[in-house]
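Down below is the structure, laid out as structure tokens.
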Amino acid sequence: MTGTNTHFSTLQRLLHWVMAIGILTMLFIGVGMVSTIGRQYVPLLVTHKTLGIAILVLALVRLVVRFISGAPALPADLPEPMKLAAYLSHVALYALMIGMPLIGWAMMSAAGYPIVLYGGLRLPAIVPQSDSLHALLWGAHFYLAFAFFALVLMHLAAALFHGLVRRDGVLQTMLPGK
Ligand code: HEM
Ligand code: HEM
29 MTGTNTHFST LQRLLHWVMA IGILTMLFIG VGMVSTIGRQ YVPLLVTHKT
79 LGIAILVLAL VRLVVRFISG APALPADLPE PMKLAAYLSH VALYALMIGM
129 PLIGWAMMSA AGYPIVLYGG LRLPAIVPQS DSLHALLWGA HFYLAFAFFA
179 LVLMHLAAAL FHGLVRRDGV LQTMLPGK
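Just add 28 to the spot in the sequence shown (first one is 1) and you have my numbering.
Structure, rendered in structure tokens:
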């Protein structure tokens with residue numbers, strides 16, 4: 029991370045917090061939806077698909093904004109292994125924000141299900157129909173969801189460590205203010 033700014037840009041901060049709420053909602057909707065045998069399954073699935081595709085679009089926008097706007101530099105006295113951990117965890121979070129929706133979309137395509145979002149918007153299949161591919165993608169969507177949740181919790185712990193223990197300004201880079 030390099031840069032002379034003290035904060036992420038307003039657009040980056042807006043995208044970060046809107047997407048954080050959206051992703052946490054998705055993880056809980058996902059688990060809730062597969063745990064129910066009630067009528068709620070259908071509306072939950074439509075919400076899951078629509079919000080998931082919205083997250084994919086926002087993640088791609090965010091990646092472009094990240095390349096254009098950059099990021100504030102981490103504190104110079106932060107140990108190198110922590111800088112590396114921050115970099116690798118951010119890359120993994122971006123990969124999951126883009127990968128999870130794509131895997132969900134591909135998983136439904138492989139099963140031959142119609143991918144219909146709110147408002148009747150129908151998406152095309154992105155992989156051919158195949159039972160073995162569906163099983164593989166189902167497993168990936170399932171296990172990566174738990175990895176995503178674990179990574180978000182570690183990210184939250186790191187943010188609080190910076191904000192409450194080190195008090196080094198890293199948490200403030202993502203908070204409102206100039
Ligand atoms: C950020 C994006 C996403 C996240 C975090 C996410 C997360 C989850 C989670 C946690 C589950 C429950 C897994 C389980 O306990 O079995 C799930 C299931 C599911 N997701 Fe996603 N998902 C995302 C995007 C998508 C998208 C875009 C689609 C389809 C277009 C999709 C389709 C599904 C389906 C069909 C299931 C149910 C699988 C089953 O019936 O076992 N997901 N997702
Ligand atoms: C689903 C939830 C979340 C996701 C997916 C997420 C994702 C990310 C990503 C990818 C970055 C790197 C920004 C970039 O370089 O473009 C970042 C930075 C940051 N996030 Fe989150 N975040 C989440 C939740 C949170 C929460 C709950 C907090 C704090 C309580 C937080 C605090 C921060 C801070 C302080 C930074 C800046 C860190 C730095 O510059 O090294 N995030 N987040």
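For every residue, glycine included, the Cβ atom is placed at its ideal position computed from N, Cα and C. Since the structure is predicted, the reported quantities are computational estimates derived from the model, not experimental observations.
Cβ separation of residue 107 and residue 198, assumed to be a contact under 8 Å, to the nearest whole Å: Locating residue 107 in the sequence shown gives position 79, counting from the first residue. Locating residue 198 in the sequence shown gives position 170, counting from the first residue. Not a contact, Cβ separation roughly 13 Å.
What residues match up with residue 83 in a beta bridge as DSSP calls it? Here residue 83 refers to the residue found at position 55 of the sequence shown. Answer is none; residue 83 lacks a bridge partner.
Would you say residue 213 touches ligand 1, meaning its beta carbon is less than 7 Å from a heavy atom? There is no way to answer for residue 213, as the model of the chain reaches only from 29 to 206.
Cutoff 7 Å; reference residue 207; Cβ partners in own chain excluding five residues on either side: The chain is shown from 29 up to 206; residue 207 falls before or after that span and cannot be answered.
Beta-carbon proximity of residue 90 to residue 55, cut-off 8 Å: Reading the sequence shown from its first residue, position 62 is the one you call residue 90. Reading the sequence shown from its first residue, position 27 is the one you call residue 55. In this structure, residue 90 keeps its C-beta atom at 8 Å or more from the C-beta atom of residue 55.
Compute every distance between the C-beta of residue 41 and the non-hydrogen atoms of ligand 2, then say whether any falls below 7 Å. Within the sequence shown, numbered from 1, the residue matching residue 41 stands at position 13. No, the beta carbon of residue 41 sits no closer than 7 Å to any heavy atom of ligand 2.
So who's on the other strand from residue 150, going by DSSP bridges? By one-based count along the sequence shown, residue 150 stands at place 122. According to DSSP, which records beta bridges pairwise, residue 150 is partnered with 144.
Taking the CB atoms as reference points, tell me whether residue 181 and residue 124 lie closer together than 8 Å. If you number the sequence shown from 1, residue 181 lands on position 153. If you number the sequence shown from 1, residue 124 lands on position 96. Their beta carbons are not under 8 Å apart, which means residue 181 does not touch residue 124 by this criterion.
Roughly how many whole angstroms lie between the Cα atoms of residue 114 and residue 205? Residue 114 sits at position 86 when you count from the first residue of the sequence shown. Residue 205 sits at position 177 when you count from the first residue of the sequence shown. Cα to Cα, residue 114 sits roughly 22 Å from residue 205.
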